[in-house]
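Read through the structure below, which is laid out as structure tokens, and then see the notes.
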Amino acid sequence: MPHREDPCAAIREEFSALLDDELGPARRAEVEAHLSGCAACLRELDAMKRVSDLYATLPPVAAPADFETRVRAAVQPPSNVVPWSRRRGVALFTFAVAAAAGLVLVALPGLLERNAANAPDRMQTARQDSADGAGREADAAEDKVEEATAKPAELWGYAATPAMENAPVAAAESGFDQNTAKPPVPSAGGVVMPRESKTVALSEAVPAPSASSPMATVESGDFGSLRPEPERAQIADDEARENRIDTMPPPAAVAAAPPAPPAPPALAPMPAPARMAKGAPARVDEAKRSDKNGLGKTKELADKKREAPADWQVADRRFVLIDGRWLQGGEIPAGTKPKALQATSREFKRLVREFPLIEQLATASLPVVFSVGDQWYELKPKKS
Amino acid sequence: MQQNHHGAAPAVLLREVREQADAGLVESSMRGDPDAFDELVRRYMDRVYHVIYRFVGNHEDAMDLAQEVFVRAYQGLSAFRGQAQVYTWLFSIAANVARNRLRDRSRKGRDQGVSLDGLAEEAPAIAAAHASTHSNPRDAASAQELHAALEDCLATLPEGFRLAFCLRTFDGMRYEQIAETLGCPPGTVKSRLNEARKRLHACVQGKGVL
């Protein structure tokens, strides 16, 4: 007979039921009577309760915003809804970004420099006001970047898509103001990168008016600015949902941002400082919160995003709105060694499709580095 | 406790009303009312997703599996006779698809090192760590470590224990409902939960969390 030799064993088998209030009154009384005289069982019950309480602290995780749409599409085909398999990269990075600190693309401002010709007039004017010397260096840098072509196809084993080919133009249309972006600067105290020589090549390729930062980066909530408008809006809905449900944090760097940015003239009203601290404009947040069904209000969300100013300069930090998220110029902490994040060529293609700026970095043989929380990652090809 | 005029506690009455409403949605769906099925999805998608996510431990699989649950439910509407509650029926589908995915994954084996999926798996812990309650980076880091440890330990449980634990802990199911969902006696649920908690305690303690 079980437990004949150990009276505690039979009692301990009831501990979960006791904690979950699943014991009948009689059995409960028996167990409690035993516990009143058995310190060992009491300790074990306490341990079990503590571990149960710990797991109860894990935050709830809800379905993505477009879940209902996808189920509907799956049970009532045909539909023009984008298959989930095409969106995995988006979901992955969106989640990671919303989760912690945003993505950091090494030397993105430098890459975007070459797209200046298509930037809005306001940015053009500002660029003309900038130092001529820097402009000439930028031209030289552009030439160097463009020399490094077609490398990613060999590295990652894919053929460039039309979307990839259009990426530079689209990047310029995204409203990134290169003129005020913090440029990458080579430095002896710079970040130790796995592909250090390539990083140095980038640094050489970009003008360096300031020697304060070892490596220019852009912290962002998203790589992408180049997706078609409907899909961007849908992705923004995902992000809104995930932000709400997972109690997503403010990106660390943005959270440390200064108070309310000054309002550029002739632009939409500024978001509240609190919203800024959370890495997204209040207007967008509000639209996202109200967008429970995901479909009907995507246009409204997109419209609201367009109303927001394209960039802010706040206390020597510059924020740029791309695809509904605020990117911030920043630095990779000295001595950071990113963990290799392996991706197959298929995964890489998917990421490039969603975040074409990756294509630009890869084309220039530059490392794609970003952070999630305190951990830094570098996207690398997975060896088969 | 306050009683209504039928003598039932209000909470119980609400649950019964909800179950009747669920059954009505299933009937309407079977008659071809797409709005009814949409409502069923809206009603349960978050609960199903949460349990599946905790069971498989990553968003990519959770998304695929939760979607599959509702697709299978839709395809199996005609087979639903009302013997079970709608939500235990949905969760029994969820348990099946999640178990199958886990077995497929273990057959294929997993890559060493960090992968894209691996990053997604890390993100929830980080998200939790940076929740609004942790204004101090040290607190956030500590919460991150805690959640990562909890998720790691949960992943070590055998699937039967893990399923029972997830249904109980993350959806608050009663033992009888878990038994119905998993197709096993309530006594089995009790012993699985007991064993699951013992193992989790040992694992979490081994990681220095407790």
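Heads up: the sequence lines are chains A and B, in that order.
Here this note's numbering is used: the first residue of the first sequence is 23, the next is one more, and so on.
Here this note's numbering is used: the first residue of the second sequence is 17, the next is one more, and so on.
Heads up, the beta-carbon is just placed ideally off N, CA and C, and yes, glycines get one too.
Mind checking which residues open and close the beta strand (DSSP E) that includes residue i?
i       : result
L363(A) : K361 to A365
Going by DSSP, what residue range makes up the alpha helix (DSSP H) through residue i?
i       : result
T185(B) : E175 to D187
V93(A)  : F89 to V97
A48(A)  : P47 to L57
R65(A)  : A61 to A78
K214(B) : P202 to G222
E35(A)  : Premise fails: E35(A) is in no alpha helix (DSSP H) and is neither H nor E.
E196(B) : Y191 to L198
Among all the DSSP beta bridges, which residues are the ones paired with residue i?
i       : result
P403(A) : A365(A)
Beta-carbon within less than 8 Å of residue i's beta-carbon, same chain only, minus the 5 sequence neighbours each way: which residues are those?
i       : result
T172(B) : R215 and C219
Q101(B) : E35, D38, Q193 and E196
P29(A)  : H56
S108(B) : A100, E196, T197, L198 and G199
L81(B)  : I68, V72, A110, V113, A114 and R117
L226(B) : H217 and V220
C60(A)  : C30 and I33
A212(B) : L173, F177, R178, A180 and F181
G92(B)  : I109
Cutting at 7 Å between CB atoms, please list the residues of its own chain near residue i, excluding the five before and the five after it.
i       : result
S94(B)  : M46
L317(A) : Summary for L317(A): the model assigns pLDDT 42, below 50, so the residue's position carries little reliability; its value from the coordinates is reported in the next sentence. The residues are T91.
L106(B) : Y60, V64, V85 and A89
K206(B) : Y191
R34(A)  : C63 and E66
E36(A)  : L45, R49 and V53
F186(B) : H66, V67 and R70
L44(B)  : The sequence given here places Ser at residue 44(B); Leu does not occur at that position. The residues are A52.
A96(A)  : none
A39(A)  : L45
R208(B) : G176, F177 and A180
F96(B)  : V42 and W105
Is residue i a contact residue of the ligand PLP, with contact defined as CB to any heavy atom under 8 Å?
i       : result
T204(B) : The ligand PLP is absent from the structure shown, which contains no ligand whatsoever.
Could you pull out every residue in the same chain whose Cβ sits closer than 6 Å to the Cβ of residue i, ignoring the five residues on either side in sequence?
i       : result
G224(B) : none
L41(B)  : A52, E55 and L56
M189(B) : L183
T233(B) : Outside the shown range of chain B (17 to 226) lies residue 233(B), about which nothing can therefore be said.
D42(A)  : none
Indicate whether the contact test is met: 3 or more Cβ pairs, each with one atom in the region 61-73 of chain A and one in the region 86-93 of chain A, closer than 8 Å. no
Can we say the region 55-75 of chain B touches the region 61-68 of chain A, given the rule of at least three CB pairs closer than 8 Å? No, they do not touch.
Quick test of the definition: if touching needs 3 or more C-beta pairs under 8 Å, does the region 159-173 of chain B touch the region 214-224 of chain B? As far as the Cβ criterion goes, the region 159-173 of chain B touches the region 214-224 of chain B, which means the pair count is three or higher.
At least three beta-carbon pairs within less than 8 Å, the region 198-210 of chain B to the region 46-57 of chain A: no
Alpha helix (DSSP H) segments (min. 4 residues) lying fully within the region 26-106 of chain B: DSSP runs (the alpha helix (DSSP H)) wholly in the region 26-106 of chain B: 26-46, 50-72 and 75-91.
Counting pairs of beta carbons, one from the region 82-93 of chain B and one from the region 171-187 of chain B, are three or more of them closer than 8 Å? no
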